[in-house]
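As structure tokens, the structure follows; a few thoughts come after it.
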């Protein structure tokens, strides 16, 4: 996928007007990270930007772009995320500043003890912020993602069994939890940038939830072992006992893996064209078995 294939000429011209540059002076490069090539660096003598395109038709929806933009404006001003420049709501496009000195983490980075301490502090600071985002409803998410996944392909017996377990864990989570704070809710390592300071990106699935949702998301999406989970809890709660036991954390980690797994199934297109998605599906399936 290239910007020219993904953007209409009118949309590209609109972006250029927004950025105050001509198409001829732009250098456009694909940025790594994520399952789809949908983030691009637009650079010129006038500036450096990240242009993020929508996931695509049929993918599970996150926040409306206007809501995400408002959130990013607040978080950008507070130094949690790169400053937002503009958006193109009709095209589902978001534009932020490119951080030239920052690199995105990989899962191994997220598992480093020193980095666990750093990201725990960053999340603790994020969770102190108040916002009126929609609450996380696990059961609603499970029902919707299972439905979308089943529309994309015929589910195997194993996948049907996982779908039922997904519903059970979601019901349990909703019964025992209440929305409490802003949570990122998609803490794959590639959504963490590091230039000496940690920056969080892609808040499109942000919700109001209990902090355990983000702790479980970080642990599940970066394959933390038991020692790394314990390190995360110790760093986040600063040595105090967490308000839940390890069984509860394990359940929410498994719930988070089901969210990721069925999200990926719901995004699936032609398997021959979606190699990164297929690898992700198989990796998460291995964690679930």
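Residue numbers (the numbering used here): 29 to 317.
Beta carbons are placed, not taken as given, at the ideal position from N, Cα and C, and that holds for glycine.
Keep in mind that this is a model prediction, so the values were computed, not measured.
Sub-9 Å separation of residue 213 and residue 235 beta-carbons = Yes, Cβ-Cβ distance for residue 213 and residue 235 is below 9 Å.
message = Does the segment 176-196 come into contact with the segment 143-152, if we say contact requires no fewer than three beta-carbon pairs (one atom in each stretch) closer than 8 Å?
response = The segment 176-196 is not in contact with the segment 143-152.
ask   = What distance in whole Å lies between the Cβ atoms of residue 80 and residue 112, which are believed to be in contact at a cut-off of 8 Å?
value = About 11 Å separates the two Cβ atoms, so there is no contact after all.
task = Could I get the ranges of all uninterrupted alpha helix (DSSP H) runs contained in the segment 114-201, with 4 residues as the minimum, in chain order?
result = With a minimum length of 4 residues, the continuous alpha helix (DSSP H) runs that stay inside the segment 114-201 are 135-139, 141-154 and 166-180.
request  = Out of 315, 317 and 291, state which residue places its alpha-carbon closest to the alpha-carbon of residue 305.
outcome  = The residue from 315, 317 and 291 with its alpha-carbon nearest to that of residue 305 is 291.
query = Can the beta-carbon of residue 296 be found closer than 9 Å to that of residue 316?
reply = In this structure, residue 316 does not lie closer than 9 Å to residue 296 by Cβ.
ask   = When the Cα atoms are used, what is the spatial distance from residue 228 to residue 268?
value = Spanning the two alpha carbons is a distance of roughly 25 Å.
task = Classify residue 30 as helix, strand or coil using the three-state DSSP reduction.
result = Note on residue 30: pLDDT 46, under 50, position unreliable in the model; no value is reported.
message = Here's a check: name, in chain order, each residue in its chain whose Cβ is nearer than 7 Å to the Cβ of residue 17, leaving out the five neighbours to either side.
response = Given a span of 29 to 317 for the chain in the structure shown, any question on residue 17 remains unanswerable.
task = Check whether the Cβ atoms of residue 155 and residue 109 lie closer than 9 Å to each other.
result = No. Outside cutoff.
query = Could you give the residue range of the beta strand (DSSP E) that holds residue 105?
reply = Taken as a continuous stretch (DSSP letters only), residue 105 belongs to no beta strand (DSSP E), being part of the alpha helix (DSSP H) at 93-105.
query = Relative to the C-alpha of residue 125, which residue among 232, 83, 314 and 71 is closest?
reply = The shortest C-alpha separation from residue 125 is found at 71.
request  = Count the other CB atoms, across all protein chains shown, that sit within 10 Å of the CB of residue 30; report buried if there are 16 or more and exposed otherwise.
outcome  = The predicted position of residue 30 is uncertain, since its pLDDT is 46 and thus under 50; no value can be drawn from it.
query = Out of 178, 294, 115 and 279, which has the shortest C-alpha to C-alpha gap to residue 196?
reply = For the set 178, 294, 115 and 279, the Cα lying nearest the Cα of residue 196 is the one of 279.
key: CB of residue 178 within 9 Å of CB of residue 207, strictly   = Pairing residue 178 with residue 207 gives a Cβ-Cβ distance that is not under 9 Å.
key: Cβ-based neighbour list, residue 163, same chain, cut-off 6 Å, excluding 5 preceding and 5 following   = Contacts found: 207 and 236.
ask   = Bridge partners of residue 69, per DSSP?
value = Listed as beta-bridge partners of residue 69 by DSSP are 57 and 78.
task = Using the Cα positions of residue 130 and residue 222, report the straight-line distance between them to the nearest angstrom.
result = Cα-Cα distance, rounded: 5 Å.
ask   = Using DSSP with H/G/I as helix, E/B as strand and the rest coil, what is residue 89?
value = Of the three classes helix, strand and coil, the one that applies to residue 89 here is coil, per DSSP.
request  = On the DSSP bridge assignment, give the partners of residue 235 in chain order.
outcome  = 211, per the DSSP bridge assignment.
task = Could you tell me whether the Cβ atoms of residue 88 and residue 255 are closer together than 9 Å?
result = No; because the gap between Cβ atoms is not below 9 Å, this pair is not in contact.
ask   = By DSSP, does residue 310 sit in helix, in strand, or in coil?
value = Residue state, collapsed to three classes: helix.
Alpha carbon of residue 47 to alpha carbon of residue 303, nearest angstrom = If you take the alpha carbons of residue 47 and residue 303, they lie about 33 Å apart.
inquiry  = Please state the DSSP three-state secondary structure of residue 222.
reply    = If DSSP states are grouped into helix, strand and coil, residue 222 belongs with the strands.
message = Per DSSP, what are the beta-bridge partners of residue 227 in this structure?
response = Partner(s): 221.
ask   = residue 287: which of 139, 137, 275 and 308 sits nearest, CA to CA?
value = That would be 308, whose Cα lies nearest to the Cα of residue 287.
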